[in-house]
Amino acid sequence: MMYLAHTAHWQFLSLLAGVLAWILIMTTTGMNEWRLWHVADMSVITSGVAWVGIWRVCFYSHALPKIENCQSISISDPFVPAEIPVAQVLMLLAVICGMAGNISAAVAMRIAYFSVQNRRNIRLVFVLAGTLYVLTGTICLVPLAWNMNSVLNNSTIDFTPEFYLPTAPVKQQVGTAIGVGIFASILIIISGLVFLCYQYVWETLRSEAPRGTRDPFSGALSQKFELPNGESRGIDNPAFYIEEVS
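Here this note's numbering is used: the first residue of the sequence shown is -19, the next is one more, and so on.
1) Going along the chain, which unbroken runs of the alpha helix (DSSP H) with 4 or more residues stay wholly within the region -11 to 49?
2) Is it buried or exposed for cysteine 177, if we count other Cβ within 10 angstroms and need 16 for buried?
3) Can you have a look at glutamine 179 and say buried or exposed, based on whether 16 or more other CB atoms are within 10 angstroms of its CB?
4) Kindly give me the distance between the Cβ atoms of alanine 164 and cysteine 120, rounded to whole angstroms, as I take these residues to be in contact under 8 Å.
5) Whole alpha helix (DSSP H) runs in the region 47 to 119 with 4 or more residues, listed along the chain?
6) Straight-line CA distance for alanine 30 to methionine 89?
7) Would the beta-carbon of histidine 18 fall within 8 Å of that of glycine 28?
8) Taking 8 Å as the threshold, find out whether the region 157 to 173 comes into contact with the region -2 to 8 through three or more Cβ pairs.
9) If you draw a straight line from the alpha carbon of isoleucine 83 to that of tyrosine 144, how long is it in whole angstroms?
10) Could you give the C-beta distance for glycine 155 and glutamate 13, rounded to a whole number, given that I count them as a contact under 8 Å?
11) Rounding to the nearest angstrom, what Cα-Cα distance links glutamine -9 and threonine 116 in this structure?
12) Less than 7 Å between C-beta atoms, sequence neighbours within five positions excluded: which residues of the same chain meet that for leucine 294?
13) Would you check if the distance between the CB atom of tryptophan 2 and the CB atom of isoleucine 170 is smaller than 8 Å?
14) Hey, proline 146 and valine 66 are a contact pair by Cβ (cut 8 Å); roughly how many whole angstroms apart?
15) Reducing DSSP to helix, strand and coil, say where valine 154 ends up.
16) Quick check: the region 36 to 55 against the region 135 to 144, are at least 3 beta-carbon pairs closer than 8 Å?
17) Glutamine 153 and asparagine 134 - do their beta-carbons sit closer together than 8 Å?
18) In whole angstroms, give me the CA-to-CA distance for asparagine 129 and asparagine 101.
19) Is the beta carbon of valine 150 closer than 8 Å to that of alanine 20?
20) Taking the straight line between their C-alpha atoms, what separation do you get for glycine 81 and glycine 33?
21) Taking the alpha-carbon positions, what's the glycine 172 to glycine 78 distance?
22) Leucine 44: which of Phe59, Ser23, Pro58 sits nearest, CA to CA?
23) If you count every other CB in all the chains shown that lies within 10 Å of the CB of phenylalanine 94, and 16 or more means buried, which is it?
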């Protein structure tokens, strides 16, 4: 049976990259800096910039009791544009899918590095890990691209009065969270493709015949040769002979 430990080094690095990408996706989900909202009136927002995320809006102010003021954004708020609640749902789904991908990738690497006999599920776990990684990156890219498009088009948001934000900003900028999320999405998609392209899984399974179809004694302890009439007979192992002591 073929040993796979020396063939899965790239997949092991992909597992590490997948874990890192998953952490960055979680970081992106919780960050507030999806949009940098620049305002002209700095009487309340003294910094002149508000951070609009998918869960909350924050800004610094010396006119309010708190220096940092945040207001939560709910999926049921009527003023919220569609890309924000969609981002809330899809980013959480990406976190869950990425965690499942990491678990599948870890199981796949355990089979490749430590299992010798029981490899019946090796194809399944490698394909599953790669598919979940690619799916995670794709799910994550959808809200990131949608929100970035809204920022580049300077789309407005009809905030309620307690947010202290105007409907239309002076200008918007793409926040750090979108950049981090795009990097994480690309990284985890590459990791998934590496798992899906692991050719030794397919070659090993093709080369290994099903159980019961091979001679259990074939190998180092048994040699075979063809007799003139076409019959095959094994050569006895000399180790089994008992030497007579004269």
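Built from N, CA and C at the ideal position, the CB exists for glycine as well. Since we're looking at a predicted model, the values are computed, not measured.
In terms of the structure at hand:
1) -11 to 10
2) exposed
3) exposed
4) Right, the Cβ-Cβ distance comes to about 7 Å (below 8 Å), so this counts as a contact.
5) 63 to 94
6) 44 Å
7) yes
8) Segments in contact, yes.
9) 44 Å
10) 4 Å
11) 17 Å
12) The structure shown does not extend to residue 294, since the chain is modelled only from -19 through 226, so no value can be given for it.
13) One thing to note: tryptophan 2 has its Cβ no nearer than 8 Å to the Cβ of isoleucine 170.
14) 24 Å between Cβ atoms; not a contact.
15) strand
16) yes
17) no
18) 42 Å
19) yes
20) 26 Å
21) 11 Å
22) Ser23
23) exposed
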